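Notes follow once the structure below has been shown.
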Amino acid sequence: MSVIIETAGLPPERLLFTPSPLAELTAMLHVLAEPAHHPALHGWAGTTAAALRPELADRLLEADFLWRSSRADFLLPAIPGASLAEELDAIDRLDDERYVAGALIASCGLNRLALRPHSPLTDPVERERAIELANARGPRQAAFADRLLSDPAAVRAIVRRLLEDCAEAFFADAWARVLPVLAADARHKADLLAHRGLAEALAAVSPAVGYDARQGRIVIDKLQSSSTSAASTGLTFVPTVFGRPHLVVVYAAGWRPVVQYPVAESGVQAPAALDRVQQRLEALANPARLRLARTLARGEHTTGELAAAWQLTEPEVSRHLAVLRRAELVLSRRRGRYVLYRLDLGVSARLGTDLLEAVLR
-9 MSVIIETAGL
1 PPERLLFTPS
11 PLAELTAMLH
21 VLAEPAHHPA
31 LHGWAGTTAA
41 ALRPELADRL
51 LEADFLWRSS
61 RADFLLPAIP
71 GASLAEELDA
81 IDRLDDERYV
91 AGALIASCGL
101 NRLALRPHSP
111 LTDPVERERA
121 IELANARGPR
131 QAAFADRLLS
141 DPAAVRAIVR
151 RLLEDCAEAF
161 FADAWARVLP
171 VLAADARHKA
181 DLLAHRGLAE
191 ALAAVSPAVG
201 YDARQGRIVI
211 DKLQSSSTSA
221 ASTGLTFVPT
231 VFGRPHLVVV
241 YAAGWRPVVQ
251 YPVAESGVQA
261 PAALDRVQQR
271 LEALANPARL
281 RLARTLARGE
291 HTTGELAAAW
301 QLTEPEVSRH
311 LAVLRRAELV
321 LSRRRGRYVL
331 YRLDLGVSAR
341 LGTDLLEAVL
351 R
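Take a look at the structure:
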């Protein structure tokens, strides 16, 4: 499954790499709402949450569906500003229909309101549908949707004030620390785009982002299948430190597509693409290959040794090893006329500690 962004005819100057204060604040808010997604940031999340005024913590809890599992579209600016205030001012210039549509995507479910012909602000049928979808997601979402549709101006002011209070409470200091990293990464990606082309720039963004030059489209490995076009609007890539490991894509109808990607962490391997993880899990789902993996986890072995140990023929072992090698689970080296195989413990560990402990047991 993939999100496809059509780029045929898109000139390079319409593709932007730049940091966004608001997008990074939203990533921080997501960390506070879902700290389990970000084990490397547990310390920051715990310290920050403990220091919040109770009143601010309660307000964040009431609004956290705007960034918990999906993002309200306007929280990832298509043309980022130099400051949070500048980006909040840009949101204020959105008309109510666009603001409400973006907020309801988060509170009613991703894409469920996309491409609807009428606004829930003016159409009773669409309003009822929005409330029904919000009710299905929970009472807080339902209450928010009802307030938003009844008095959008008041809700917009409440959300802006909440974001400004977060800036004062914790964002300003954190932003000052990460901005140099984000700016350097954006410059690096822009240089790659200018001197080596779109394919290399996208390869540096994430292994989950690919480029189909023949069809002129970007393919992003996600858990949903959809498509949009950047040919007329342009495309923005926003680096994030606090968003790691998430790759967030905003591509609602009428919006310039925005991709928020995690900055590569020094010394940390980039996450594998979903299809590669699936390939590895399927390779180990076979009982014979799992037995071979347990043997190879303990040391190097030849095909003949593995065949004798598990009462298989050498051709059978060779076929199983080929599957494991294609999944990058097995390493090999030659010693004279023998080829020795061993399990790649680093790759195996990334699939989960239970797996690693089981094969080493």
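Under my numbering, the sequence shown has 333 at position 343, and the numbering climbs by one with no breaks. Virtual Cβ for every residue (Gly too), placed ideally from N, Cα, C. This structure is a prediction, so every number in the text was calculated from the model and none was measured.
Whole-Å CB distance - residue i paired with residue j, under 8 Å assumed
i	j	result
Ala23	Arg58	4 Å
Leu183	Pro2	6 Å
Phe161	Leu15	5 Å
Ala191	Ala203	Going by Cβ atoms, the distance from Ala191 to Ala203 rounds to 13 Å, so no, they are not a contact pair.
Residue i burial status per 10 Å Cβ neighbour count (16 or more: buried)
i	result
Ile210	buried
His310	buried
Ser73	exposed
Ser222	exposed
Leu271	exposed
Ser196	buried
Thr303	exposed
Ala339	exposed
His28	buried
Val149	buried
Asp175	buried
Ala30	exposed
Tyr201	buried
Ala26	exposed
Ala68	buried
Ala35	buried
Thr343	exposed
Val115	exposed
Gly257	The predicted position of Gly257 is uncertain, since its pLDDT is 47 and thus under 50; no value can be drawn from it.
Leu105	Bear in mind that the predicted position of Leu105 carries a pLDDT of just 49, short of 50, making it unreliable; the figure below should be weighed with that in mind. It is exposed - the Cβ of Leu105 has fewer than 16 other Cβ atoms within 10 Å.
Distance CB(residue i)-CB(residue j) smaller than 8 Å
i	j	result
Leu6	Gly233	no
Pro9	Leu172	yes
Ser216	Val(-7)	yes
Ala13	Pro70	yes
Pro170	Glu77	no
Thr230	Arg246	no
Ala124	Ile95	no
Ala348	Gly206	no
Leu139	Arg167	no
Leu314	Ala283	yes
Ala194	Lys179	yes
Pro110	Ala120	yes
Leu56	Leu65	yes
Trp300	Arg281	yes
Nearest to residue i (by Cα), restricted to the options the options
i	options	result
Asp54	Ala176, Pro197, Leu19, Ala75	Leu19
Arg146	Ala93, Leu280, Gln131, Arg315	Ala93
Leu237	Thr226, Trp245, Pro252	Pro252
Phe134	Ala162, Val90, Ala164	Val90
Ile208	His178, Val249, Lys179	Val249
Val307	Val239, Arg117, Leu31, Ala297	Ala297
Arg323	Thr292, Asp344, Ala299	Thr292
Ala131	Leu51, Pro2, Pro25, Glu190	Looking at the sequence itself, residue 131 is Gln, so the reference to Ala does not match. Nearest option by C-alpha distance: Leu51.
Asp79	Leu153, Ala263, Gln301, Arg4	Leu153
Ala198	Leu264, Asp181, Leu138, Phe161	Leu264
Ala157	Thr38, Pro25, Leu192, Leu138	Thr38
Leu319	Asp344, Trp300, Lys212, Val267	Val267
Lys212	Tyr241, Asp141, Arg204	Tyr241
Ala262	Leu280, Phe160, Pro235, Val239	Pro235
Ile(-5)	Arg177, Ala243, Pro114, Thr343	Ala243
Ala47	Asp155, His108, Pro114, Ala126	Asp155
Ser60	Gly33, Pro114, Arg4, Arg127	Arg127
Arg88	Gly342, Pro142, Arg137	Pro142
Val337	Gln269, Tyr328, Arg151	Gln269
Arg151	Glu295, Gly33, Ala75	Ala75
Tyr328	Ala312, Gly294, Gly33, Leu321	Gly294
The ligand FMN heavy atom lying under 7 Å from the CB of residue i
i	result
Ala176	Absence of the ligand FMN from the depicted structure is noted, as is the absence of any ligand whatsoever, leaving it without description.
(Q) Below 8 Å, how does it come out for the segment 327 to 336 and the segment 277 to 288: are there three or more Cβ pairs, yes or no? (A) The segment 327 to 336, when compared against the segment 277 to 288, does touch it at the 8 Å Cβ threshold.
Q.
Across the segment 31 to 46 and the segment 68 to 87, are there enough close Cβ pairs to call them in contact, namely three or more that are closer than 8 Å?
A. By the C-beta criterion, the segment 31 to 46 is judged not to be in contact with the segment 68 to 87, since fewer than 3 inter-stretch pairs fall below 8 Å.
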